[in-house]
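Colleague: So the sequences go chain by chain: A and B. Positions in the first sequence are counted from 1; adding 417 to them yields the working numbering. Positions in the second sequence are counted from 1; adding 30 to them yields the working numbering. Built from N, CA and C at the ideal position, the CB exists for glycine as well.
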Amino acid sequence: MTADSPSRGRAEPLGLERFAEYRRTRSRALRNELIESHRGFAEYLARRFADRGEPLDDLRQVALVGLLKAVERFEPERGLSFTTFAGPTIIGELKRHFRDRTWSVRVPRRLQELSMGIERSRAELGHRLGRAPTPAEIATALDVSEEQILEGMEAASLYRIGSLDVPASDRGDTTAGDRVGIHDSELSLVEDRAVVRAVMAALPVRERQIVYLRFFEGLTQAEIAERVGVSQMHVSRLLTRSLEALGEQLNRWRTMEEA
Amino acid sequence: MENEDEVCLLVPPHSCHLRAVRLVAAEAGGRAGLDVSELDDLRIAVDELCYTVMAATDQRLLVRVVVRDGRVVVRGVGQLRAGATAPSLPNVSELIVDAVSDRYVFAQDGDKLSFVVVKQAGRTVSA
């Protein structure tokens, strides 16, 4: 056996004649050179899968393994360029990596594939039947037993149960949890304000103005009386009447919403 | 024998025998519950490490394979050729073994060159 010398650093992609030489000699040193010279291509493909929840370093490793397999299998005499051949091989590895990684617990490949088949069949049959298909219908479509469908559906429930603490991007500055929505109380206030604005529109102009000054501007009854030019007692009566009218309007809105 | 389930191979230092090592490792991987992708990974790792040891010796390598708790451990050791300097794992091989194994060690101890590689079943699908 001839000891190969390791190659270092990255070089320009090597030509088809070097692949042909590798096919003949199976020299590890040459294989390593071929891998090194195409690592940029593998890196490019790995980056295409970045920001999907997997660390870029892991994707680089997966792409490298894909590149290794491509170098081993490439037959230059077929006339294809190496990248044309290697692209699908590397992408296939990356896709397989994602497929495997998106299962949160170990699920046999048979069940993973079955549950994917169920999902496909569910969508197709749902479209065709105009309703959700029964397990029996899916079983018939996939030519498996109903029991297997139930097993596959159970497996599907294990798909993508991830931690909220995992980084959501390769930069690691956000977690999956950061991207999950929370109940926003301000959002319901926006809704309430819209309803109040609508029911206030039904009030006479002066009453609407008094309600606005009291509850939106925060003026006291005395300040409103001075601003509007009526007695404080009258402001108090107008406010009471306006609030009763608003209450009735709001009740009508609620009734309409519940219906 | 240290472990009654351990499989031992004495492998001549020629690359044509790598296939035998890969086959034995893959058979052990099957017993450990590795899926086909994990078996591929194990075969690649064993191939890289064995090859590097073979390149530095003119004597047979001792390769030991053991399965325990859903994990395959492959150990290899070879005696350095007289006067030879111990090779380091080539850069690409290092990257590859790192990518496909759960853990590995490649080391020199006196005139012995050895490696240990571990592949665990289910690692590719755990979150």
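Suppose the cutoff is 6 Å on Cβ atoms and the five residues either side in sequence are ignored; what does the same chain contact list for Asp65 (chain B) look like?
Modeller: Here residue 65 (chain B) refers to the residue found at position 35 of the second sequence. No residues qualify anywhere along the chain.
Colleague: Using CA atoms only, rank isn't needed, just tell me which of A:Ser659, A:Thr657, A:Val628 and A:Arg658 is closest to Arg644 (chain A).
Modeller: Counting from one through the first sequence, the residue named residue 644 (chain A) turns up at place 227. For Arg644 (chain A), the nearest C-alpha among the options comes from A:Val628.
Colleague: Ser144 (chain B) bridges to which residues according to DSSP?
Modeller: Reading the second sequence from its first residue, position 114 is the one you call residue 144 (chain B). In the DSSP output, where bridge partners are listed per residue, Ser144 (chain B) has B:Val107 and B:Ala137.
Colleague: Would you say Val51 (chain B) lies against chain A (beta-carbon separation less than 8 Å)?
Modeller: Here residue 51 (chain B) corresponds to residue number 21 of the second sequence, with the count starting at 1. Chain A, which has no Cβ nearer than 8 Å to the Cβ of Val51 (chain B), makes this no.
Colleague: Quick check: Ala558 (chain A) and Ser532 (chain A), are their CB atoms within less than 8 Å of each other?
Modeller: Numbered from its first residue, the first sequence carries residue 558 (chain A) at position 141. Numbered from its first residue, the first sequence carries residue 532 (chain A) at position 115. Against a cut-off of 8 Å, the Cβ pair of Ser532 (chain A) and Ala558 (chain A) comes out as no contact.
Colleague: Please check the pair Leu170 (chain B) and Val127 (chain B), which I expect to be a contact at CB under 8 Å, by giving their CB distance rounded to whole angstroms.
Modeller: In the structure as shown, chain B starts at 31 and stops at 157, and residue 170 (chain B) therefore has no counterpart that could be examined.
Colleague: With Leu79 (chain B) and Tyr134 (chain B) assumed to form a contact (beta carbons below 8 Å), what rounded beta-carbon distance in angstroms separates them?
Modeller: Start at 1 with the first residue of the second sequence, and residue 79 (chain B) comes out as number 49. Start at 1 with the first residue of the second sequence, and residue 134 (chain B) comes out as number 104. Sure, about 7 Å apart at Cβ, within 8 Å.
Colleague: Just curious, the beta strand (DSSP E) that Cys38 (chain B) is in, first and last residue?
Modeller: Numbered from its first residue, the second sequence carries residue 38 (chain B) at position 8. Start and end: Val37 to Val41.
Colleague: Using 8 Å for Cβ pairs, my map puts Glu460 (chain A) next to Arg477 (chain A). What's the rounded Cβ distance?
Modeller: The sequence position of residue 460 (chain A) within the first sequence is 43, counting from 1. The sequence position of residue 477 (chain A) within the first sequence is 60, counting from 1. Yes, Glu460 (chain A) and Arg477 (chain A) are in contact; Cβ-Cβ is about 6 Å, under 8 Å.
Colleague: Give a yes or no on whether the minimum CB-CB distance between Ser131 (chain B) and chain A is below 8 Å.
Modeller: Along the second sequence, read from residue 1 onward, the residue named residue 131 (chain B) stands at position 101. It does not: the Cβ of Ser131 (chain B) has no partner Cβ on chain A nearer than 8 Å.
Colleague: Entirely within the segment 511-567 of chain A and at least 3 residues each: give me those beta strand (DSSP E) ranges in chain order.
Modeller: Runs of the beta strand (DSSP E) inside the segment 511-567 of chain A: none found.
Colleague: Would you identify the three-state DSSP class for Val622 (chain A), choosing helix, strand or coil?
Modeller: Mapped onto the first sequence, residue 622 (chain A) falls at position 205. Of the three classes helix, strand and coil, the one that applies to Val622 (chain A) here is helix, per DSSP.
Colleague: Going along chain A, which residues have a C-beta under 8 Å from Asp128 (chain B)?
Modeller: As a working mapping, residue 128 (chain B) is identified with position 98 in the second sequence. Correct list: Gln478.
Colleague: Can you tell me which residues form a DSSP beta bridge with Lys486 (chain A)?
Modeller: What you label residue 486 (chain A) is simply residue 69 of the first sequence in a count that begins at 1. Lys486 (chain A) is not bridged to any residue.
Colleague: Taking all protein chains shown into account, decide if Asn449 (chain A) is buried (16 or more other Cβ within 10 angstroms of its Cβ) or exposed.
Modeller: Along the first sequence, one-based indexing puts residue 449 (chain A) at 32. Answer is buried; the Cβ neighbour count reaches 16.
Colleague: Pro117 (chain B) to Arg98 (chain B), Cα distance in whole Å?
Modeller: Here residue 117 (chain B) corresponds to residue number 87 of the second sequence, with the count starting at 1. Here residue 98 (chain B) corresponds to residue number 68 of the second sequence, with the count starting at 1. Their backbone Cα atoms lie some 30 Å apart in a straight line.
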